[in-house]
Amino acid sequence: MPVSSDVDGRADAEGDGSASGTDSLPINELFESLQGEGRLAGVPSVFVRTSGCNLRCWFCDSYHTSWEPTHATMRVEEIVAEVESYDADHVVVTGGEPMMHDATVALLEALDARGYHVTVETNGTIYRDAPIDLASVSPKLASSTPTPETDPTPDDAPTGADEWEQRHEERRIDFDALAALAEEFDFQLKFVVSDREDMAEVTDLVERIRAVADVPIPDSSVLLMPEGATKDRIEETRPLVAELAQEFGFRYTPRLHVNLWNDAPET
Ligand code: SF4
C-alpha cells in the first residue's frame, strides 16, 4: 500500500529531517516497481523511500524527501510487513538519504534476516555498519549545488538556496564515507551527468576515491546516468551521456522509470 497518500505532515523544514529513534522511520512512499537505475535496472523491487536528506540538489527527483519533506512515521516491523505483502525479493531502500536515520540499520537487519536482496541508494556522505547487498552510491557533483537561480523553492526563504548553497557544498563529498562504502559493500558509483563539463570532476573524484579506498574501483563500477526527472529532459541529456560513457570507458545507466512513467510518484 502506498503511504505517500497518508502523510502526517511536513518534516522539520529548518533541518535535515533526520530521525534519531531506532525503531521507526519517516517513510515518504513504499511501493513495488521495476528498479530503474544501475546494474539491477529492470529487476522487480519493493521501494522503501525514507524522507529527509542532508543535501539539496537543485534537480532533486524526490523533492518531497528533501526540499519539502513529507512522510508517515512507520515502525520497522510495519515497514517489513508492508514489504512482505509484495512478491518481489529485491528491496531498494532509498530517499532522500536513508543512511541519515538510525533506524535504517534495524530495517536493513530485519530485511537481511528474511533473505531479501537489499540495495541502499545513498549520496555517499554517511557510512553505517549494516547488512547491505548493493551500495548504490551517488556522489553529487558541483553542478548539483543549488543557487538562487536554480532554487526550486525560491519563495521559501528558510529552506532556500541562500542557506543551502553553502551547506550542500560543504557536505556533498566525504571521502572517508565513500571509501568505507566501497570497502565494506558490493557497490556501484553512480554519477548524474548534465553535460561534458561534468566529466573532469567525475574522473577526478573516481581517482581520489581510488586513492583512499583499500579496494579496487574498476571502471565497470562507475556508472554515468543522464540528469533529468522527466522524459523530455532525459531525451535531451541521454545521447551525450551515452557517448561520454563510451568515450571514458565507464558504464551507462538508464532511468527506466522515467522512460516508462515520466515523473509519476511511486514509480
Ligand atoms: S542527495 Fe538525492 S535525495 Fe538528496 S537532494 Fe540530492 S538528489 Fe535529492
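Sequential numbering from 2 applies to the sequence shown in our numbering. Even for Gly, the Cβ is constructed at its ideal location relative to N, Cα and C. Quantities reported herein were computed from a predicted structural model and do not represent experimental measurements.
Judged by the Cβ position, Leu56 qualifies as a neighbour of the ligand SF4 at the 7 Å threshold, a heavy atom of the ligand being closer than this. For Pro45, the enclosing beta strand (DSSP E) starts and ends at 45 to 51. By DSSP's assignment, Lys191 forms a beta bridge with Leu224.
Shown here, Phe32 sits in a strand according to DSSP, grouped into three states. Among the bridge pairs identified by DSSP, Met75 is matched with Leu26. Below 8 Å, too few C-beta pairs join the region 84 to 91 and the region 62 to 73 to call them touching: fewer than three. Distances from the CB of Thr51 to the heavy atoms of the ligand SF4 are all 7 Å or more. The C-beta of Pro219 has fewer than 16 other C-beta atoms within 10 Å across all chains shown, which makes the residue exposed. According to DSSP, residue pairing for Ser137 in a beta bridge involves Glu122, Gln189.
Taking C-alpha positions only, Leu245 is separated from Glu237 by approximately 14 Å. Rounded to whole angstroms, the gap between the alpha carbons of Ala243 and Glu30 is 30 Å. Counting C-beta atoms within 10 angstroms of its own C-beta, Asp199 has 16 or more neighbours from the protein chains shown and is therefore classed as buried.
Judged by DSSP secondary structure, His91 falls outside any alpha helix (DSSP H) and instead within the beta strand (DSSP E) spanning 91 to 95. Beta-bridge partners assigned by DSSP to Arg239: none are found. In this structure the region 139 to 149 does not lie against the region 112 to 120, because fewer than three pairs of beta carbons, one per stretch, are closer than 8 Å.
Within the same chain, and ignoring the five residues on either side of Ile133 in sequence, the residues whose Cβ sits closer than 7 Å to its Cβ are Leu109, Val119, Val121, Phe186.
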